[in-house]
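In numbering that gives the first Met the number 0, the protein residues as written are 0 to 238. One structure is given here, and the rest of the page talks about it.
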Amino acid sequence: MAGHSKWANIQHRKGRQDEKRGKIWTRIIREITVAARQGGGDLGANPRLRLAVDKAKAANMPADRVKYNIDKATGNAEGVHYEEIRYEGYGIAGAAIIVDTMTDNHVRTVAEVRHAFSKYGGNMGTNGSVAFQFKHCGQIVLAPGADEDKVMELALEAGAEDVITDEDGTIEVLTPYTELETVKNALEAAGFKPEIAEVTMRAENTIELAGEDAERMQKLIDVLEDLDDVQNVYHNAQL
Numbered sequence: 000m001a002g003h004s005k006w007a008n009i010q011h012r013k014g015r016q017d018e019k020r021g022k023i024w025t026r027i028i029r030e031i032t033v034a035a036r037q038g039g040g041d042l043g044a045n046p047r048l049r050l051a052v053d054k055a056k057a058a059n060m061p062a063d064r065v066k067y068n069i070d071k072a073t074g075n076a077e078g079v080h081y082e083e084i085r086y087e088g089y090g091i092a093g094a095a096i097i098v099d100t101m102t103d104n105h106v107r108t109v110a111e112v113r114h115a116f117s118k119y120g121g122n123m124g125t126n127g128s129v130a131f132q133f134k135h136c137g138q139i140v141l142a143p144g145a146d147e148d149k150v151m152e153l154a155l156e157a158g159a160e161d162v163i164t165d166e167d168g169t170i171e172v173l174t175p176y177t178e179l180e181t182v183k184n185a186l187e188a189a190g191f192k193p194e195i196a197e198v199t200m201r202a203e204n205t206i207e208l209a210g211e212d213a214e215r216m217q218k219l220i221d222v223l224e225d226l227d228d229v230q231n232v233y234h235n236a237q238l
């Protein structure tokens, strides 16, 4: 199934992450902390923690720092309590936005998120106002050039729901969020290295923004992503 080109957007996102490596580490540590606290420190029994540790490795986080934060979260060391809170709202031209946060001070966080929305052309919505436009799923993205037929065969056999080839050759594999790791492992075993492998909120339908509207939307997304308590920003804008 053909879709919109997304490789440039992926590269932009990865470039932004490289620019703020320290902030990426902070977000990964929060994810490790919450995953370990909720599901325990055993990687073999906690898929969410395994994915967080994979992100830590990809970001070149030292193994001893990963271990320390798992221990801290599971009670072997004293730590801060983080709460997961989701905010929903609208961006430029009514584009839908979901902002996932982890915070130890929800009053501070909601004020910062609301300020970002209002200052950069968006507005906060209520819980559930846009979430219905997104699907909670696993997403694996392979760079252009991968063997589409082989990827499709492996992915569907391992439990994927759909394989989408975009206009620029990027291959996107969608899975139930519970099957992400299984499908990822099957692809990696066959020599396919994902650029992205994560549980996400994927927009069911997108709206296309160009010119000044696209620039304003990108600015709003960047500002939201730069907030200290924000873990992920999802949206349905095709820029």
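Beta carbons are placed, not taken as given, at the ideal position from N, Cα and C, and that holds for glycine. Predicted model only: the values in this text are computed from it and were never measured.
Rounded to whole angstroms, what's the CA-CA distance from GLU224 to ASP146? Just pull it up for me.
Here residue 224 refers to the residue found at position 225 of the sequence shown. Here residue 146 refers to the residue found at position 147 of the sequence shown. Distance between the alpha carbons of GLU224 and ASP146: 33 angstroms.
Report back the beta-carbon spacing between THR199 and TYR233 to the nearest angstrom; my notes put them in contact at under 8 angstroms.
The residue you call residue 199 lines up with position 200 of the sequence shown. The residue you call residue 233 lines up with position 234 of the sequence shown. Correct: roughly 7 angstroms between the Cβ atoms.
Taking just the CA atoms, how far does LEU186 sit from LEU153?
In the sequence shown, counting from the first residue as 1, residue 153 sits at position 154. In the sequence shown, counting from the first residue as 1, residue 186 sits at position 187. About 7 angstroms.
Quick check: the Cα distance between ASP103 and ALA34, rounded to an integer number of angstroms?
Position 104 of the sequence shown holds residue 103. Position 35 of the sequence shown holds residue 34. Roughly 15 angstroms between the two C-alpha positions.
Return the chain-ordered list of same chain residues with a C-beta closer than 8 angstroms to the C-beta of VAL150, the five sequence neighbours on each side being excluded.
On the sequence shown, position 151 is the one that residue 150 refers to. Contacts found: LEU141, VAL162, ILE170, VAL172, LEU186 and PHE191.
So, do the stretch 119 to 129 and the stretch 86 to 95 have three or more beta carbon pairs nearer to each other than 8 angstroms?
At 8 angstroms Cβ cutoff, the stretches touch.
So if DSSP puts THR199 in a beta bridge, which residue, or which two residues, is it bridged to?
By one-based count along the sequence shown, residue 199 stands at place 200. The partner list for THR199 (beta bridge, DSSP) reads CYS136.
Whole-angstrom Cβ separation of ALA72 and THR32, contact assumed at under 8 angstroms?
Taking the first residue of the sequence shown as 1, we reach residue 72 at position 73. Taking the first residue of the sequence shown as 1, we reach residue 32 at position 33. ALA72 to THR32, Cβ: 4 angstroms. Contact.
Bridge partners for GLY90 per DSSP, in chain order?
Looking up residue 90 in the sequence shown gives position 91. GLY90 is not bridged to any residue.
Out of curiosity, what's the CA-to-CA distance linking GLY40 and GLY210?
As a first step, residue 40 is located in the sequence shown; it is residue number 41 there, counting from the start. As a first step, residue 210 is located in the sequence shown; it is residue number 211 there, counting from the start. Their Cα atoms are separated by approximately 47 angstroms.
Using only the alpha-carbon positions, how far apart do ARG113 and GLY93 sit?
Here residue 113 refers to the residue found at position 114 of the sequence shown. Here residue 93 refers to the residue found at position 94 of the sequence shown. Rounded to the nearest angstrom, the two C-alpha atoms are 16 angstroms apart.
If GLU197 sits next to GLN138, beta carbons under 8 angstroms apart, how far is it from one beta carbon to the other, in whole angstroms?
Within the sequence shown, numbered from 1, the residue matching residue 197 stands at position 198. Within the sequence shown, numbered from 1, the residue matching residue 138 stands at position 139. Their Cβ separation, rounded to whole angstroms, is 6 angstroms, which keeps GLU197 and GLN138 in contact under 8 angstroms.
If you check the beta carbons only, do PRO61 and THR177 fall under 9 angstroms apart?
Taking the first residue of the sequence shown as position 1, residue 61 is located at position 62. Taking the first residue of the sequence shown as position 1, residue 177 is located at position 178. Going by C-beta atoms, PRO61 is not nearer than 9 angstroms to THR177.
Restricting to runs no shorter than 4 residues, where is the alpha helix (DSSP H) found entirely within the stretch 151 to 237?
For the stretch 151 to 237, whole alpha helix (DSSP H) runs of length 4 or above, ordered along the chain, are 179 to 188 and 210 to 225.
Are the CB atoms of ILE23 and ALA51 within a distance shorter than 9 angstroms?
Here residue 51 refers to the residue found at position 52 when the sequence shown is read from its first residue. Here residue 23 refers to the residue found at position 24 when the sequence shown is read from its first residue. No; because the gap between Cβ atoms is not below 9 angstroms, this pair is not in contact.
If you run the structure through DSSP and keep just helix, strand and coil, what is ASN68?
Your numbering for residue 68 matches position 69 in the sequence shown. Helix at ASN68.
Less than 8 angstroms between the CB atoms is what I'm expecting for ILE91 and ARG215, so what's the real figure, rounded?
If you number the sequence shown from 1, residue 91 lands on position 92. If you number the sequence shown from 1, residue 215 lands on position 216. Their Cβ separation, rounded to whole angstroms, is 5 angstroms, which keeps ILE91 and ARG215 in contact under 8 angstroms.
For the stretch 21 to 53, list the beta strand (DSSP E) runs that are entirely contained and at least 3 residues long, ordered along the chain.
With a minimum length of 3 residues, no continuous beta strand (DSSP E) run stays inside the stretch 21 to 53.
Between ASP63 and ASN184, what straight-line distance do the alpha-carbon atoms span, to the nearest angstrom?
Counting from 1 along the sequence shown, the entry for residue 63 is found at position 64. Counting from 1 along the sequence shown, the entry for residue 184 is found at position 185. Those two C-alpha atoms are separated by around 25 angstroms.
Quick one: grab the DSSP three-state call for ASP148.
Here residue 148 refers to the residue found at position 149 of the sequence shown. Reduced to three states, the DSSP call for ASP148 is helix.
Let's test the definition: count the other Cβ atoms within 10 Å of the Cβ of PHE133 and tell me whether it reaches 16, buried, or not, exposed.
Residue mapping note: residue 133 aligns to position 134 of the sequence shown, counting from 1. By the neighbour-count rule (16 or more Cβ atoms within 10 Å), PHE133 is buried.
Going by DSSP, what residues sit across from ALA95 in a beta bridge?
By one-based count along the sequence shown, residue 95 stands at place 96. For ALA95, which the question treats as bridged, DSSP gives the partners TYR89.
Closest to ASP148 by CA distance: which of THR164, GLY158 and HIS135 is it?
Translated into the one-based positions of the sequence shown, residue 148 becomes position 149. With distances taken between Cα atoms, ASP148 lies closest to THR164.
Excluding five sequence neighbours on each side, which residues of the same chain lie with their C-beta closer than 6 angstroms to the C-beta of ARG36?
Sequence index remark: in the sequence shown, residue 36 carries index 37 (1-based). Taken in chain order, the residues that qualify are ALA72.
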